[in-house]
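Working notes, structure below.
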Amino acid sequence: MVHLVKKKIKGNVYLYLEETARINGKPTRIWQRYLGPESKIKEQAALQLEPEFTVRTVNFGLPVALMQIVKELELIEIINHCTNKRSQGLSVGHYVVLAAINRCVKPTSKAKLKCWFENTALFEEFPPIETYLDSMAYRNHFKYITPEVIEAIELRISEKLIKEFKVSMDTFFYDPTNFFTYINPKEEAILPRHGHSKEGRSTLNLIGLALFCTADGGIPIFQEIYPGNVQDARLFKEQFPNFCNKLEKLGIDADDACLVFDKGNISRAVFERIKASGIHFVCSIRPSTQKKYSHLKSSDFPLKMLPNGKKIGVLEFEEPVHGSNYRLLVVYNPSLQSWQEKNLKKKLEKKITSVHDWFKKRLNKNKWREPAAVAAKIRSLLGAKNFLELIDFKVSGTFGKVKYSIAIDDKALTSKVDSLGKTFLLSNHPTLSPFELAWLYRQQYTVERAFKYIKSPSLLSVRPIYHWTDESIRGHLFTCVLGLLLLMLLVRKIQRGFKKMSLFEIVEYLSEIDLALVRYKGSRKVIKKIVEISPEARELSEFLKLTDFI
Numbered sequence: 002m003v004h005l006v007k008k009k010i011k012g013n014v015y016l017y018l019e020e021t022a023r024i025n026g027k028p029t030r031i032w033q034r035y036l037g038p039e040s041k042i043k044e045q046a047a048l049q050l051e052p053e054f055t056v057r058t059v060n061f062g063l064p065v066a067l068m069q070i071v072k073e074l075e076l077i078e079i080i081n082h083c084t085n086k087r088s089q090g091l092s093v094g095h096y097v098v099l100a101a102i103n104r105c106v107k108p109t110s111k112a113k114l115k116c117w118f119e120n121t122a123l124f125e126e127f128p129p130i131e132t133y134l135d136s137m138a139y140r141n142h143f144k145y146i147t148p149e150v151i152e153a154i155e156l157r158i159s160e161k162l163i164k165e166f167k168v169s170m171d172t173f174f175y176d177p178t179n180f181f182t183y184i185n186p187k188e189e190a191i192l193p194r195h196g197h198s199k200e201g202r203s204t205l206n207l208i209g210l211a212l213f214c215t216a217d218g219g220i221p222i223f224q225e226i227y228p229g230n231v232q233d234a235r236l237f238k239e240q241f242p243n244f245c246n247k248l249e250k251l252g253i254d255a256d257d258a259c260l261v262f263d264k265g266n267i268s269r270a271v272f273e274r275i276k277a278s279g280i281h282f283v284c285s286i287r288p289s290t291q292k293k294y295s296h297l298k299s300s301d302f303p304l305k306m307l308p309n310g311k312k313i314g315v316l317e318f319e320e321p322v323h324g325s326n327y328r329l330l331v332v333y334n335p336s337l338q339s340w341q342e343k344n345l346k347k348k349l350e351k352k353i354t355s356v357h358d359w360f361k362k363r364l365n366k367n368k369w370r371e372p373a374a375v376a377a378k379i380r381s382l383l384g385a386k387n388f389l390e391l392i393d394f395k396v397s398g399t400f401g402k403v404k405y406s407i408a409i410d411d412k413a414l415t416s417k418v419d420s421l422g423k424t425f426l427l428s429n430h431p432t433l434s435p436f437e438l439a440w441l442y443r444q445q446y447t448v449e450r451a452f453k454y455i456k457s458p459s460l461l462s463v464r465p466i467y468h469w470t471d472e473s474i475r476g477h478l479f480t481c482v483l484g485l486l487l488l489m490l491l492v493r494k495i496q497r498g499f500k501k502m503s504l505f506e507i508v509e510y511l512s513e514i515d516l517a518l519v520r521y522k523g524s525r526k527v528i529k530k531i532v533e534i535s536p537e538a539r540e541l542s543e544f545l546k547l548t549d550f551i
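In this text, residue positions in the sequence shown follow the working numbering: the first is 2, and each later residue adds one.
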């Protein structure tokens, strides 16, 4: 028979379940199981009889995955070491990392950051927040994020990337951009300025951001936040020596590094500094400076398949630039040629339509009764020389009876199209083949894609910028770039150890993963359970071992 047995040990009552039987005329215990303290059993019985509970879900997948990267990188410790702020509430590292993760998960204003934080699983990863977590708190802490501190943090992070993450630092991509803002900055602010907006919003104040990203993973390692009225070539001229100094501090020999940048950043001074540094480079140059190669036709280029499955042709020449000879690569791209041909035809047709529209109600009226005047006006409407060469028109008739005909010159157009599709690259790299250099430059999209992520309204979302002082603007942009750093390291980790997935796929699957917190009435224990998710999100969660954080 099974019995419930009480045992009193040191004043506490414990319950056991046991079975006894009579064997050889004597009562004998067959087995015994410990159930627990009597008080706890009563509590559990009450819960089973009155199962009143509350369920709360918090965002779990993406915040925790990014927090994994933060811990591996020791990012909070690095920021705290470089800012050297006395211990007082949350540290600068905690403030900055929390804002960076927020930019990756659900970008919000600093005033709404606490509300977002309390609805994520990050509350177990941060110390208790006993101070305010609002915009004023961030303004007070952003003053510690000076350009010198940012540089020190970048160097510490880069050292960690090399030693712990094994990120290759042999090839870098550089590009600047700017962001339009709606702010009216304070008079002493230097960063917001009117300049050439790359998004066509030159009437607004601009803020510039330049990035150096690694070819290995597209990881931003160096940044420069600069006034919006600084021209690209001038900025690069100033930044290039700083870049070389940072490489030296990391123990990277300039002779072993390669820098890729586009034609908007080149100048005589830059080439002189590149030559003095010994660094290898690949850059594009303007086609208008290489008209002597315009005679090259598509048939002159043997085509070869790129790693992405597209075909290009490359011819190499030697070109003197600012006193030195460099490798000039003429790259033929059939896809670019097709796109240029389509646009050229549209422009020619638009020009012809403009001629017809002009003379629809004017021909043989007033001054347009004269054949010479009509011919002169047609030439004026067609404008540029290249249009005049590709459009054939004739004016005939006498005074008051003028006629004209106009059409695309198919023979001239065919010859012109055959010379399209070319881009020009310059390099001093001694070992890479022309085809390898062309493929390397194509990967310049890595840094351009980084700006796409930063400007995305649903991802890092640098805009809107709710800051009016230089130190706050700098701190805000710094957290956005740190968010990009965390995302790219996460993508690199997944692509190398799991499978090829895009950043947006990773964000989508991890955003599915919420954590349910179940609390029963009368119990302090919290039951944690992952909500139902898709198979893809479950596989990704298992790879990242997210359940270890529950």
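C-beta: ideal position from N, C-alpha, C; glycine also.
Judged by their CB atoms, I455 and I466 are not nearer to each other than the 9 Å cut-off. Where Y15 is concerned, the enclosing beta strand (DSSP E) starts and stops at 13-24. Relative to the Cα of F400, the nearest Cα in the group A374, L391, F388 belongs to A374. Note that the C-beta distance between L426 and G62 is not below 9 Å.
K250 is a Cβ neighbour of L156, given a cutoff of 9 Å. Residue pairing for P64: DSSP places it in no beta bridge. Within the same chain, and ignoring the five residues on either side of A138 in sequence, no residue has its Cβ closer than 6 Å to its Cβ. Sorting F550, K115, E317, Q240 by C-alpha distance to the C-alpha of L433 places E317 at the top.
Excluding five sequence positions before and after E390, the CB atoms of its chain that fall closer than 7 Å to its own CB belong to A413, given in chain order. P372 has its alpha-carbon roughly 13 Å from the corresponding atom of R363. Taken through DSSP and simplified to helix, strand or coil, S336 comes out as helix. Cβ neighbours of A66 within its own chain (closer than 8 Å, five residues either side excluded): L491, L511, L545, L547. Fully contained in the region 144-222 are the following alpha helix (DSSP H) runs of length 4 or more, in chain order: 148-164. The Cβ atoms of V356 and I313 lie no closer than 9 Å to each other. Within its own chain, the residues whose Cβ lies closer than 7 Å to the Cβ of A255, once the five positions on either side in sequence are excluded, are C245, L248, S278, G279, I280, listed in chain order.
Apart from the 5 residues on each side of it in sequence, H197 sits with its Cβ closer than 7 Å to the Cβ of S203 in its chain, given in chain order. DSSP places H477 in the uninterrupted alpha helix (DSSP H) bounded by 471-498. From the listed residues P536, K529, R370, the smallest Cα separation to F550 is found for K529. Excluding its 5 nearest sequence neighbours in each direction, A376 has C-beta neighbours in its own chain below 7 Å: V396, listed in chain order. Per DSSP, the unbroken beta strand (DSSP E) holding T424 starts and ends at 423-428.
With a threshold of 16 other beta carbon atoms within 10 Å, D171 falls short and is exposed. By the criterion of a C-beta distance shorter than 7 Å, H4 is surrounded in its chain by E19, T21, once the five residues flanking it on both sides are discounted.
With a cutoff of 9 Å on beta-carbon distance, I146 and V71 are scored as not near each other.
In the three-state DSSP reduction, L91 falls in the coil class, being neither helix nor strand.
In terms of Cβ geometry, M502 and L541 form a close pair [threshold 9 Å]. Straight-line spacing of the CA atoms in E39 and K11 works out to 14 Å. By alpha-carbon distance to A122, the top candidate from N103, K113, F282 is N103. Ranked by how close their Cα comes to the Cα of R328, the residues L349, S339, I353, S285 have S285 in first place.
Burial state of M68 is buried, judged by a 10 Å Cβ sphere holding 16 or more other Cβ atoms. As DSSP reads the structure, G37 sits in a beta bridge with L16. In this structure, I158 sits near L486, with a CB-CB distance shorter than 9 Å. With a 10 Å radius around the Cβ and a threshold of 16 neighbouring Cβ atoms, Q33 comes out exposed.
Within the same chain, Cβ atoms closer than 6 Å to the Cβ of K115 are found at L134, the five residues on either side in sequence being excluded. Taken through DSSP and simplified to helix, strand or coil, R30 comes out as strand. When the Cα atoms are used, E342 and I392 turn out to be separated by approximately 15 Å. Straight through space, the alpha carbons of M306 and N266 are spaced by roughly 29 Å.
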